[in-house]
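Participant:
2 protein chains.
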Amino acid sequence: MPQRSPADRVRPVTLTDVARAAGVSQSTASRALNGSARRVDDELKRRVLDAANRLHYTANVQAQAVARGTTSTVALVVSDIADAYFSSMAASVMRAAEAYDLRVTVVVTERDVEREIELVREYRGQHARAVVLAGSGYRHSAETAELRRELEMFEATGGRVVLVSRSDLPFETVDLDNSGGARRLSSALARLGYRRFLALAGEEQLVATQDRIAGFRQGLRESGLELPEERVLYSEFSWEGAHAAVQTLDDDVLGATELVFAVNDEMALGAIAGLRTRGLRIPEDIAVAGFDDIRTLRDIVPGLTTVRVPLEEVGREVVARIATGEPGAEGRVIPASVVLRESTPRRN
Amino acid sequence: MPQRSPADRVRPVTLTDVARAAGVSQSTASRALNGSARRVDDELKRRVLDAANRLHYTANVQAQAVARGTTSTVALVVSDIADAYFSSMAASVMRAAEAYDLRVTVVVTERDVEREIELVREYRGQHARAVVLAGSGYRHSAETAELRRELEMFEATGGRVVLVSRSDLPFETVDLDNSGGARRLSSALARLGYRRFLALAGEEQLVATQDRIAGFRQGLRESGLELPEERVLYSEFSWEGAHAAVQTLDDDVLGATELVFAVNDEMALGAIAGLRTRGLRIPEDIAVAGFDDIRTLRDIVPGLTTVRVPLEEVGREVVARIATGEPGAEGRVIPASVVLRESTPRRN
DNA sequence: TTGTAAGCGTTATCAA
DNA sequence: TTGATAACGCTTACAA
Numbered sequence: 002m003p004q005r006s007p008a009d010r011v012r013p014v015t016l017t018d019v020a021r022a023a024g025v026s027q028s029t030a031s032r033a034l035n036g037s038a039r040r041v042d043d044e045l046k047r048r049v050l051d052a053a054n055r056l057h058y059t060a061n062v063q064a065q066a067v068a069r070g071t072t073s074t075v076a077l078v079v080s081d082i083a084d085a086y087f088s089s090m091a092a093s094v095m096r097a098a099e100a101y102d103l104r105v106t107v108v109v110t111e112r113d114v115e116r117e118i119e120l121v122r123e124y125r126g127q128h129a130r131a132v133v134l135a136g137s138g139y140r141h142s143a144e145t146a147e148l149r150r151e152l153e154m155f156e157a158t159g160g161r162v163v164l165v166s167r168s169d170l171p172f173e174t175v176d177l178d179n180s181g182g183a184r185r186l187s188s189a190l191a192r193l194g195y196r197r198f199l200a201l202a203g204e205e206q207l208v209a210t211q212d213r214i215a216g217f218r219q220g221l222r223e224s225g226l227e228l229p230e231e232r233v234l235y236s237e238f239s240w241e242g243a244h245a246a247v248q249t250l251d252d253d254v255l256g257a258t259e260l261v262f263a264v265n266d267e268m269a270l271g272a273i274a275g276l277r278t279r280g281l282r283i284p285e286d287i288a289v290a291g292f293d294d295i296r297t298l299r300d301i302v303p304g305l306t307t308v309r310v311p312l313e314e315v316g317r318e319v320v321a322r323i324a325t326g327e328p329g330a331e332g333r334v335i336p337a338s339v340v341l342r343e344s345t346p347r348r349n
Numbered sequence: 002m003p004q005r006s007p008a009d010r011v012r013p014v015t016l017t018d019v020a021r022a023a024g025v026s027q028s029t030a031s032r033a034l035n036g037s038a039r040r041v042d043d044e045l046k047r048r049v050l051d052a053a054n055r056l057h058y059t060a061n062v063q064a065q066a067v068a069r070g071t072t073s074t075v076a077l078v079v080s081d082i083a084d085a086y087f088s089s090m091a092a093s094v095m096r097a098a099e100a101y102d103l104r105v106t107v108v109v110t111e112r113d114v115e116r117e118i119e120l121v122r123e124y125r126g127q128h129a130r131a132v133v134l135a136g137s138g139y140r141h142s143a144e145t146a147e148l149r150r151e152l153e154m155f156e157a158t159g160g161r162v163v164l165v166s167r168s169d170l171p172f173e174t175v176d177l178d179n180s181g182g183a184r185r186l187s188s189a190l191a192r193l194g195y196r197r198f199l200a201l202a203g204e205e206q207l208v209a210t211q212d213r214i215a216g217f218r219q220g221l222r223e224s225g226l227e228l229p230e231e232r233v234l235y236s237e238f239s240w241e242g243a244h245a246a247v248q249t250l251d252d253d254v255l256g257a258t259e260l261v262f263a264v265n266d267e268m269a270l271g272a273i274a275g276l277r278t279r280g281l282r283i284p285e286d287i288a289v290a291g292f293d294d295i296r297t298l299r300d301i302v303p304g305l306t307t308v309r310v311p312l313e314e315v316g317r318e319v320v321a322r323i324a325t326g327e328p329g330a331e332g333r334v335i336p337a338s339v340v341l342r343e344s345t346p347r348r349n
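Chains A and B, in that order, are what the protein sequence lines are.
If you read the first sequence in the numbering used here, its first letter stands for residue 2, the second for the next number, and so on.
If you read the second sequence in the numbering used here, its first letter stands for residue 2, the second for the next number, and so on.
(1) In three-state terms, what does DSSP make of Phe-198 of chain A?
(2) Is the beta carbon of Gly-136 of chain A sitting closer than 8 Å to the one on Ser-188 of chain A?
(3) The alpha helix (DSSP H) spanning Ala-33 of chain A covers which residue range?
(4) Check the Cβ of Phe-296 of chain B against every Cβ in chain A and list those closer than 8 Å, keeping chain order.
(5) Does the Cβ-Cβ distance between Val-78 of chain B and Val-162 of chain B come in under 8 Å?
(6) Does the Cβ of His-141 of chain B have 16 or more other Cβ atoms within 10 Å, making it buried, or fewer, making it exposed?
(7) Select from the stretch 46-60 of chain A all residues with a C-beta closer than 9 Å to any C-beta belonging to chain B, and list them in chain order.
(8) Can you have a look at Ala-146 of chain A and say buried or exposed, based on whether 16 or more other CB atoms are within 10 angstroms of its CB?
(9) Between Val-334 of chain A and chain B, is any beta-carbon pair separated by less than 8 Å?
(10) Does Ser-6 of chain B have its Cβ less than 8 Å from a Cβ in chain A?
(11) According to DSSP, is Thr-249 of chain B helix, strand or coil?
(12) Under the three-state reduction of DSSP, which class applies to Pro-3 of chain A: helix, strand or coil?
(13) Beta-carbon separation of Val-94 of chain A and Val-320 of chain A under 8 Å?
(14) Nearest CA to the CA of Pro-171 of chain B: which residue from B:Ser-239, B:Asn-179 and B:Leu-134?
(15) Checking contacts by CB at 8 Å: is Gln-127 of chain B closer than that to chain A?
(16) State the Cα-Cα distance for the pair Val-107 of chain B and Thr-71 of chain B, rounded to the nearest angstrom.
(17) Does DSSP put Thr-158 of chain A in a helix, a strand or coil?
(18) Could you tell me which residues DSSP puts in a beta bridge with Val-289 of chain A?
(19) Quick one, are the C-beta atoms of Glu-343 of chain B and Gly-304 of chain B less than 8 Å apart?
(20) Under a CB-based cut-off of 8 Å, is Gln-63 of chain A close to chain B?
(21) Give a yes or no on whether 8 Å exceeds the smallest Cβ distance from Ala-97 of chain B to chain A.
(22) Please work out which residues of its chain come closer than 6 Å, Cβ to Cβ, to Ala-324 of chain B, disregarding the five sequence neighbours upstream and downstream, and give them in chain order.
(23) Report the start-end ranges of each beta strand (DSSP E) in the stretch 173-244 of chain A that is 3 residues or longer and not cut off at the edges.
(24) Checking 8 Å against the spacing of the C-beta atoms, do Ala-83 of chain A and Arg-48 of chain A come in under that value?
(25) Establish whether the CB of Ile-301 of chain A and some CB of chain B are separated by less than 8 Å.
(26) Considering Cα atoms alone, identify which of A:Leu-120, A:His-128, A:Glu-173 and A:Val-302 is closest to Arg-333 of chain A.
(27) Any idea if Asn-265 of chain B is buried or exposed, counting beta-carbon neighbours within 10 angstroms, 16 or more meaning buried?
(28) According to DSSP, is Ile-295 of chain B part of a helix, a strand, or is it coil?
(29) I want to verify the contact list: residues of chain B whose CB lies under 8 Å from the CB of Val-133 of chain A, in sequence order.
(30) Quick check: is the beta carbon of Ala-157 of chain B nearer than 8 Å to any beta carbon in chain A?
(31) If we count the other Cβ atoms within 10 Å of its Cβ and call it buried at 16 or more, is Val-1 of chain B buried or exposed?
(32) Of all the residues that make up the stretch 111-123 of chain B, which are near chain A by a beta-carbon distance shorter than 9 Å?
(33) Note down the Cα distance separating Gln-206 of chain A from Gly-182 of chain B, rounded to an integer number of angstroms.
(34) How should Val-254 of chain B be labelled, buried or exposed, when 16 other C-beta atoms within 10 angstroms of its C-beta is the threshold for buried?
(35) Any idea what DSSP makes of Ala-52 of chain A, helix, strand or coil?
(36) To the nearest angstrom, how far is it from the Cα of Glu-99 of chain B to the Cα of Glu-314 of chain B?
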């Protein structure tokens, strides 16, 4: 491996170098290389481009940022990048961003609101063009007020704030049809003949969780069924949380359950694993449904019934709002559609 | 949503503002806020910190970067962030980076070498502290020479280059025991009674692919078995590639196969899906093994036999090499261990 | 220990 | 259209 002593470390080629090599002023070089309203004489432009190529010049983005006072960085804040839901969303945002020449940088909170606040602050210092909060958000949390203040400052200095699927903060939000999707799911399940449900929710104050539970309940109600509060289990919002939750469940509670609805697929999969270690077969002994339709599901047997969230569309919508600088079509909600699979067969 | 006209856009608070508010010079403020060799009088320091807090000051990282000539950004270049292998690696690198106060930014190539080259160039312009290439790498590709030149320039300007599991370029590499892992896997499979294999590889020039195939073959040879070249199927290095590959396979080829070894789990899962649509049961009709032990596997039934790559360790090793500025312990190779599961039961 | 002043690599203003 | 020259926000000799 070429071990390089500080001595032979090469000074990076700067715009000044290019200008000198091309025999023009720095300003002309700048105008020729990095777009600007002004036009540059073709001949000079050629010379500058030539010199830049020859010297392998590449612009110092930080210096540009300082001079311009803005960047094209979009910070995507997620809870956990190893989670299939977030990594797919990241992929879709990145893809969409390309068209607008925006740089996306993904950053992880590990579900820590303090960390979220810190990050927003940091990105204010970086003059990020936008910050996208894709995590879940806690209703009524003490820190939420602090986060809100930080976001306001971020906006005040010219940045854009976009939230995904969380209604706990007064900023532009790309809404998913959480409650509608859950409602249609429970209706469909009722039509399949299911009557006795158990719901697996994330921590109680999680916004997305609440919406999905509420929608599920409403769908049941419309079918003349019920989801009593004691049939909603709150646990950590993760595979592990759900896994542990079903393990510690009373036998009679489980015995009285025909179908377990988890507020997202990760939890549904954790629940399935937990149920199986209890000796239950899916779906013969108990049915399971989730939410999100993460990519992982293509490999799950039996196929998991879920509600599909078109993350590709989420990415496009997020980026569109940032790029246009306008609050997207008012009230545009990303649709969510029920996908029935083998984990919830028709009941006789 | 608060629509903010450019008019009431607030000028960001700068170090100068803080210094003025604290009644000290800019340099003192700088020294007090952002570490420096020099010590600042406690009283003054307190005043500066106070002022900074009061004004919600946060440093402009770009300006710091310009002034210092370096950053603490590590660019992690992966093929696809929605791929479980890469997203787990990203998570592990990020976690490890925290301890050294390095900022990780993940960026995606979509398996395009051109793009990889562009990115390295861009990160040279950003004075990134390091660039980590975690994608696979093509042996002998024409563009590899170009990529190499770009990486050399990156290093020449003071950046560090770290490769993960690719031996096609002469830079510091965190090596996985690809061939050893595959060798032990095939030995174990031979011991279980398997005799007739089919290997599913990525595109022929992919380095990791070749190493794994070679190791697998060697393990068989040591057990007195063979993997003839015509039993190695090359396809796109992805779920879809493997899925398509097994679909188009001749019936007699498949009939003569007891076990399919895919060079990574994604492909193994794609193969399983493809085999199933052909009406084959896993493992009753045909056994399958993969490589990587991605997180997804915890939900796969039957459990997939694979070779575990400890990504957590990879992340630590990558970051350690960047942070220490030294080429890690010479020849340190990340171990890879066989994990036998139900997809490859003992054969009678 | 503090402050002054000169950079860092760009962009933007304003004459020429 | 081009080129001096002054920003941009920060760090860091160098002097005090």
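All C-beta atoms in this analysis are idealised placements derived from N, C-alpha and C, irrespective of residue type, glycine included.
Since the model is a prediction, treat every value here as computed from it, not as a measurement.
Facilitator: Answer, in terms of the structure:
(1) strand
(2) no
(3) 27-34 is the span of the alpha helix (DSSP H), which, as asked, contains Ala-33 of chain A.
(4) Looking at the sequence provided, one finds Arg at residue 296 of chain B rather than Phe. Residues of chain A passing the Cβ test: Ala-83.
(5) no
(6) exposed
(7) His-57, Tyr-58, Thr-59 and Ala-60
(8) exposed
(9) The beta carbon of Val-334 of chain A does not come within 8 Å of any beta carbon belonging to chain B, so the residue lies off that interface.
(10) Residue placement at Ser-6 of chain B cannot be trusted, given a pLDDT of 44 that sits under 50; what the coordinates show is reported in the next sentence. Chain A contact via Cβ: absent.
(11) In the structure shown, Thr-249 of chain B sits in coil (DSSP, three-state: anything other than H, G, I, E or B).
(12) The predicted model places Pro-3 of chain A with a pLDDT of 41, which falls under 50 and marks its position as unreliable; any figure quoted below should be read in that light. In this structure, Pro-3 of chain A counts as coil in the three-state DSSP scheme.
(13) yes
(14) Between Pro-171 of chain B and the set B:Ser-239, B:Asn-179 and B:Leu-134, the nearest pair of CA atoms involves B:Leu-134.
(15) yes
(16) 19 Å
(17) coil
(18) A:Val-261
(19) yes
(20) yes
(21) no
(22) Tyr-101
(23) 174-177, 198-202 and 233-235
(24) no
(25) yes
(26) A:Glu-173
(27) Buried, by the Cβ-count rule.
(28) coil
(29) Those do not exist, as Val-133 of chain A stays about 15 Å from chain B at its closest Cβ, beyond 8 Å.
(30) Judged by the 8 Å Cβ criterion, Ala-157 of chain B is in contact with chain A.
(31) No information on residue 1 of chain B is available, as it lies outside the stretch 2 to 349 that chain B covers here.
(32) Glu-111, Arg-122 and Glu-123
(33) Spanning the two alpha carbons is a distance of roughly 45 Å.
(34) exposed
(35) Helix at Ala-52 of chain A.
(36) 15 Å
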